[in-house]
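Chemist: So that we are looking at the same thing, I have put the structure below in structure tokens.
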Amino acid sequence: SVHRSFPGTIDVKRDGDKEFLVVNGLPIRVFHEKDPAAIGWGSVGATYVCESTGVFTTQEKAALHLKGGAKKVIISAPPKDDVPMFVMGVNHEQYTKDLTVVSNASCTTKGKDWRGGRCASQNIIPSSTGAAKAVGKVIPAMKGKLTGMA
10 SVHRSFPGTI DVKRDGDKEF LVVNGLPIRV FHEKDPAAIG WGSVGATYVC
60 ESTGVFTTQE KAALHLKGGA KKVIISAPPK DDVPMFVMGV NHEQYTKDLT
110 VVSNASCTTK GKDWRGGRCA SQNIIPSSTG AAKAVGKVIP AMKGKLTGMA
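In this text, residue positions in the sequence shown follow our numbering: the first is 10, and each later residue adds one.
Put into structure tokens, the structure is as follows:
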């Protein structure tokens, strides 16, 4: 990769029907579920889940992780509904502990332009972003005044 090889160790292991990614000797449970409610977050002690698939970006869909045992869900993209959005240093002080699903505003991704997006295994430099939309939600006075490309 253009970012060099990982200097540690990476392996995989099975323990019965459970699968693990082992990074520097630390086993990390791997799940193969399409339905977030079926992921056993509680069984592995996961309190926080970062929803980064880009598929579950509404309150209803992201909350499915809670059924699997997670306590809080952070969506890494601008939500498609009124999920509260927070940005550190901008409006993070408005966060309250009772919120179980929030958005961290924007996840910059490769987008659907395969040629422009390049290969993820060779380059993690993004080509599209939802940051401009997120700014409008976090700072309402800026809504509709920005556009963006990463």
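No residue lacks a Cβ here, since even glycine has one placed at the ideal position from N, Cα and C.
DSSP on Pro88, reduced to helix/strand/coil?
Modeler: The sequence position of residue 88 within the sequence shown is 79, counting from 1. Reduced to three states, the DSSP call for Pro88 is coil.
Chemist: Determine the direct distance from the alpha carbon of Ser85 to that of Gly25, and round the result to whole angstroms.
Modeler: Here residue 25 refers to the residue found at position 16 when the sequence shown is read from its first residue. Here residue 85 refers to the residue found at position 76 when the sequence shown is read from its first residue. If I take the Cα positions, the gap works out to 32 Å.
Chemist: Since Ser115 and Ala150 should fall inside the 8 Å C-beta cutoff, what is the C-beta to C-beta distance between them, to a whole number of angstroms?
Modeler: Walking along the sequence shown from the start, residue 115 turns up at place 106. Walking along the sequence shown from the start, residue 150 turns up at place 141. The Cβ separation is near 18 Å, so there is no contact.
Chemist: Suppose the cutoff is 7 Å on Cβ atoms and the five residues either side in sequence are ignored; what does the same chain contact list for Pro45 look like?
Modeler: Taking the sequence shown and counting its residues from 1, one reaches residue 45 at position 36. These residues qualify, in order along the chain: Phe65, Leu73, His74, Gly77.
Chemist: How about Val99 and Ser112: are their beta carbons less than 9 Å apart?
Modeler: What you label residue 99 is simply residue 90 of the sequence shown in a count that begins at 1. What you label residue 112 is simply residue 103 of the sequence shown in a count that begins at 1. The answer is no: Cβ separation not under 9 Å.
Chemist: Mind checking Pro16: buried by the 16 CB within 10 Å criterion, or exposed?
Modeler: As a working note, residue 16 is residue 7 in the sequence shown. Per the 10 Å Cβ criterion, exposed.
Chemist: Is DSSP giving Lys146 helix, strand or coil here?
Modeler: Here residue 146 refers to the residue found at position 137 of the sequence shown. Helix.
Chemist: By DSSP's criteria, Phe76 is part of a beta bridge. Which residues make up the other side?
Modeler: Counting from 1 along the sequence shown, the entry for residue 76 is found at position 67. The sequence given here has Lys at residue 76, not Phe. None, per the DSSP bridge assignment.
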